[in-house]
Structures are given as C-alpha cells and as structure tokens.
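>
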Amino acid sequence: MALWIILGIIVLLLLWFVGMYNGFVKARIKIDNSWSDINVFLKKRFDLIPNLVNTVKGYAAHESQTLEKVVQARNAAVAVPAGDVQAAAQANQNLSGALRGLLAIAENYPDLKANQNFLELQTALQNIEGDLGNARRYYNATVRDYNTSIQQFPGVILANMTGFKPREFFELEDKQEAKNVEVKF
C-alpha cells in the first residue's frame, strides 16, 4: 500500500514537472512569435521610409540634413542583429525621432502637404506605427507573463533546473518616443 502511495506521488510530481515545463516552452514560443510580428511591422516601416524620403526630397531638397538623419536612422535600425531587443528598441527610438523631424518639414511646404502620394505615405506610416505599438504591447505582455511564471515559486525551481532565463522587454527610454508619429494635415 505504501509503495502505491509513493508511486502515485512520483507520478504526480512527474506530471507536474512535464506540465510546467511545457507551459514554459509554450510561453517562450509565444514570445518568439510576437517578436516576429514586431519584425514584420518594422520591415514594412523600413520599406516605406525610402518612398517618403524621396517624396519629401522632391519638394524640400535643401532639407538634406533632416533627410540624411532619416536615412541613417533607418539603415542603423535595419542593421540591428536579429533578437537583440534592446538594440532594436534604441534604433527604432532614434528612427521615430528622425521621422518626426521629417514630417515636421511638411508643415513648411504647402505643396508637399497637398501631394496625394505624400498623404498616402503619411497615412500608411501612421497605420504601421499603430500596428507596431500594438505588437510591442503584446510582446511585452507575453514577456511579462513568461518572466512571472519562471520567477514565481515553484516555477523558479524548474526554470533554474532547465535553463529558462528571463526575457527583455521592448522598452522605449524616452517617453516622447513612445508616441505614435503624428500626421497633421
């Protein structure tokens, strides 16, 4: 009888171990998937920027310093190694600042503000920024849930035994950068 009780306890512990381990794996995969979603929106943003720069260049060629900042910030953001969350956050923060400067130029050029292509690009950029913000919030929520599960008892014991490590949040240091790029008509 005592043997059955001991075997039952061992089986329950084994089932608990497997269930918790699989939960950690599922959470880690969710994080990777949500990071992939962020990368999709970043790629769309990166692809849109050259068109926006070229459109502005046609109307405001002497604003080359601002245009150059945007191009440099885009190139720096594209060059961030895959999976480096903090570097991606910093590079995209810099890019958002450069884009704000670019869109501010439009205020000085009424013909540019009236250009249909520019208006469409602004709208597309605003939509991408909104999608990117949503993806960032979802990513951070999945990271928070995962980090909580591997740091709470008894999960912390299993996480330490199996090598699950906390993940980094996609955070913007400057709260001004956290705002979506504003589009003013």
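Numbering (my numbering), first residue to last: 2 to 186.
Even for Gly, the Cβ is constructed at its ideal location relative to N, Cα and C.
Could you give the residue range of the alpha helix (DSSP H) that holds Gln152?
Per DSSP, Gln152 belongs to the alpha helix (DSSP H) from Gln117 to Gln152.
> Between the C-alpha atoms of Glu69 and Arg46, what's the straight-line distance to the nearest angstrom?
Going by the C-alpha atoms only, they are around 17 Å apart.
> Between which residues of its own chain and Asn34 is the CB-CB distance below 7 Å, once the five residues before and five after are set aside?
Result list for Asn34: empty, nothing under 7 Å.
> Could you check where the alpha helix (DSSP H) with Asp85 kicks off and where it finishes?
Unbroken run through Asp85: none, as it is neither H nor E.
> For Glu130, which option in Asn118, Ala115 and Gln94 has the closest C-alpha, if you only look at C-alpha atoms?
Among Asn118, Ala115 and Gln94, the Cα nearest to that of Glu130 belongs to Gln94.
> With DSSP collapsed to three states, give me the class of Ala80.
Ala80: coil per DSSP, three-state reduction.
> In terms of residues, what are the limits of the alpha helix (DSSP H) holding Arg1?
Because residue 1 is not part of the residues shown, which for the chain are 2 to 186, the question remains open.
> Return the CA-CA distance between Asn109 and Gln152, expressed in angstroms with no decimal places.
Each residue's alpha carbon lies about 52 Å from the other.
> Where in the stretch 92 to 119 do unbroken runs of the alpha helix (DSSP H), each at least 4 residues long, occur, reported from the N-terminal end onward?
If we require 4 residues or more, the alpha helix (DSSP H) runs fully inside the stretch 92 to 119 come out as 111 to 115.
> Can you tell me whether Arg75 is buried or exposed? The criterion is at least 16 other CB atoms within 10 Å of its CB, across all chains shown.
It is buried - the Cβ of Arg75 has at least 16 other Cβ atoms within 10 Å.
> Among the candidates Leu173, Val157 and Glu172, whose CA atom is the shortest distance from the CA of Tyr22?
Taking only the C-alpha atoms, the option nearest Tyr22 is Val157.
> Taking Met162 as part of the alpha helix (DSSP H), name the residues at either end of that continuous run.
Taken as a continuous stretch (DSSP letters only), the alpha helix (DSSP H) holding Met162 covers Gly156 to Thr163.
> Out of Asn161, Gln91 and Glu64, state which residue places its alpha-carbon closest to the alpha-carbon of Ile106.
Checked all of Asn161, Gln91 and Glu64; the closest Cα to Ile106 is Glu64.
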